[in-house]
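Below you'll find the structure, written out as structure tokens, and then a few comments.
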Amino acid sequence: MASRGASTQDLIDWRMRALGLWPTPASEQSEPGRPSDPGGASNTSGVDGATGPGGPRGSAQDRLRAVAERLLALQGQDWNASRWALGVRATGTVDADVLAAFDSGALVRSWPMRGTIHVLAAEDLGWMQAATNHRTLPGAPKRRAFIGLDDASLARMVDIAVERLTGGRSLSRDELGQAWTEAGIGTSEQGVGPWRYHVVWWLCQNGITVPGPVNGTPGERAAASGDAHADAYAYAYADADDPAGTGRERAPEPRLVLAEEWITNPRKLEGEEALAELAARFARGRGPVQAKDLAWWTGLTLREVRRGIAAAIDDGRLVEVEIEGVAHIADPALLDGAVGGAIAGAATDDAATRGAAPADALLLPSFDEHLLGYTERGAVLDPAHFERIVPGRNGMFRATVVEGGRVVGVWTKKPLAKRTRLVIEPFPGAEVDLARLQAPAESWGAFQGVDVELVRA
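In the numbering used here, the protein residues as written are 38 to 494.
Structure follows, in structure tokens:
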């Protein structure tokens, strides 16, 4: 073991650093800015702090891509929440910067593993699917039988999708569904409806298509502008419910494109190399983890995960660390930087050797990796409050209030005429000071481009 005697607080500190939720010093923070500025909304955190990939230095797109690369993949079930999951970690960015990162091809929102949609750097998608699809795809025929989708119809739907997208074109899910319907595919009662989600997933999971740009491909945008050389464009995400375009959470979802056309520089990893990369990158972006965490997150078997961990330990990208008597694996650079001396076996509770405390308070989105990146969440969430995060244990995680790395409540938002109200619901017995949440609330408002008010439920 690389370290003995590390505490639960050490674990929380290490994980908050790895997750990009460590505070950025006030002297390094930026003033709120406009989309794509190097500056931008002042957040309380950034991957690796102020000078790391999510900190306030470098272009907005570079910082956002670095967050995705660092965390390997972020839960993407909730499109609105996934954008804030990036923004809260990429100091100085706003929502339009996130959307621009999708339009540029830096980020995609697809299914890399486990049949769950994630946000990740575009170049990582293909090798992750190749490493995990043997666990994800075998259940697809049974699902098709259940929804009544035969192989011939599936093949026609795939062919139509490829034909409609070839040549730098994009389609929304609705538009692709309409193309299938117009081709006469589907049941007489429900058309293509029962099949659409499955086939879109199938196309993406197999690396044929990928949800990429929000505003269409560069060729489509240039054609729409009438300027064949246009490579810059104005964002306009207004809709009927928000004619001023201020509610950036209402941005349309990424449009489907052909993966081989959109992802121009995919990484090529396979076999043991891919397993080692999964293990090393997962631990790098989550802090100390156990093998079962990686197995759950990827959908791989424990045997496969342990092979990857062993390979990453052999090449020096991972070390073993004991925390409260339980074996974990971690990025050695993280341990060395977060708790002075711990990697050499001298873990300590001295705050000075840990640097700073985790960010005082954070408003994290639903489905954030702060909770979903691990199988055991007791270090940061009292099990008695789990159903307040996931009502009815239905799998729908709520947005969380975090203080000192621990979840102390949930929060919701209510759009008003001229501002958005953020409603804080502390857990029973939790002492949550709204004054400490004012800065995180303003960071969220700056990211969204709205004024906010903070109230207690």
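We put the CB at the ideal spot given by N, CA and C, even for glycine.
If we ignore side chains and look at the alpha-carbon of each, how far apart do residue i and residue j end up?
| i | j | result |
| --- | --- | --- |
| residue 360 | residue 122 | 27 Å |
| residue 339 | residue 484 | 39 Å |
| residue 277 | residue 457 | Any reading at residue 277 is ruled out, since the residue's pLDDT is 31, under 50, leaving its predicted position unreliable. |
| residue 439 | residue 159 | 30 Å |
| residue 265 | residue 309 | Because residue 265 carries a pLDDT of 46, less than 50, the predicted location of this residue cannot be relied on, and the following value inherits that uncertainty. Residue 265 and residue 309: Cα-Cα distance of roughly 45 Å. |
| residue 112 | residue 367 | 21 Å |
| residue 474 | residue 422 | 20 Å |
| residue 186 | residue 195 | 13 Å |
| residue 468 | residue 180 | 47 Å |
| residue 155 | residue 335 | 12 Å |
| residue 448 | residue 424 | 14 Å |
| residue 404 | residue 141 | 25 Å |
| residue 182 | residue 232 | 11 Å |
| residue 464 | residue 441 | 15 Å |
| residue 211 | residue 234 | 10 Å |
| residue 50 | residue 58 | 10 Å |
| residue 415 | residue 426 | 13 Å |
| residue 46 | residue 348 | 29 Å |
| residue 491 | residue 402 | 16 Å |
| residue 430 | residue 357 | 33 Å |
| residue 223 | residue 188 | 13 Å |
| residue 444 | residue 201 | 46 Å |
Quick check on this structure: which residue in the options has the alpha carbon closest to the alpha carbon of residue i?
| i | options | result |
| --- | --- | --- |
| residue 487 | 453, 472 and 247 | 453 |
| residue 322 | 120, 305, 310 and 408 | 408 |
| residue 256 | 205, 249, 290 and 211 | 205 |
| residue 207 | 490, 180 and 253 | 253 |
| residue 44 | 445, 362, 180 and 259 | 362 |
| residue 107 | 203, 424 and 319 | 319 |
| residue 446 | 417, 430, 155 and 98 | 417 |
| residue 144 | 301, 179 and 129 | 301 |
| residue 165 | 58, 290, 304 and 114 | 304 |
| residue 178 | 190, 355 and 116 | 190 |
| residue 152 | 98, 193, 239 and 125 | 239 |
| residue 148 | 172, 47 and 491 | 172 |
| residue 350 | 330, 337, 373 and 314 | 314 |
| residue 2 | 170, 125 and 119 | Outside the modelled stretch of the chain, which goes from 38 to 494, sits residue 2, for which no answer is possible. |
| residue 168 | 215, 348, 131 and 341 | 341 |
| residue 450 | 47, 432 and 118 | 118 |
| residue 317 | 288, 353 and 48 | 353 |
| residue 412 | 330, 373 and 358 | 330 |
| residue 241 | 299, 222 and 466 | 299 |
| residue 114 | 461, 443 and 432 | 432 |
| residue 462 | 443, 472 and 437 | 437 |
Under the rule that 16 or more other beta-carbon atoms within 10 Å means buried, what is residue i, buried or exposed?
| i | result |
| --- | --- |
| residue 161 | buried |
| residue 365 | buried |
| residue 493 | exposed |
| residue 291 | buried |
| residue 137 | buried |
| residue 470 | exposed |
| residue 203 | exposed |
| residue 406 | buried |
| residue 60 | buried |
| residue 192 | exposed |
| residue 289 | exposed |
| residue 124 | buried |
Taking Cβ positions, are residue i and residue j nearer each other than 8 Å?
| i | j | result |
| --- | --- | --- |
| residue 247 | residue 213 | no |
| residue 249 | residue 294 | yes |
| residue 133 | residue 104 | no |
| residue 346 | residue 332 | no |
| residue 197 | residue 220 | yes |
| residue 55 | residue 371 | yes |
| residue 420 | residue 52 | no |
| residue 139 | residue 251 | yes |
| residue 229 | residue 217 | yes |
| residue 135 | residue 120 | yes |
| residue 130 | residue 101 | yes |
| residue 48 | residue 109 | no |
Excluding sequence positions up to five away, which residues of its chain have a Cβ less than 7 Å from the Cβ of residue i?
| i | result |
| --- | --- |
| residue 477 | 81, 398, 399 and 400 |
| residue 296 | 244, 245, 246 and 247 |
Please return the same chain residues whose Cβ sits closer than 6 Å to the Cβ of residue i, not counting the five positions on each side in sequence.
| i | result |
| --- | --- |
| residue 410 | 323 |
| residue 344 | 312 |
| residue 306 | 164 and 314 |
| residue 176 | none |
| residue 116 | 290 |
Can you list, in chain order, the residues of its chain whose CB lies under 8 Å from that of residue i, leaving out five sequence neighbours each side?
| i | result |
| --- | --- |
| residue 489 | 456, 457, 458, 459, 478, 479, 481 and 482 |
| residue 261 | 253 |
| residue 428 | 435 |
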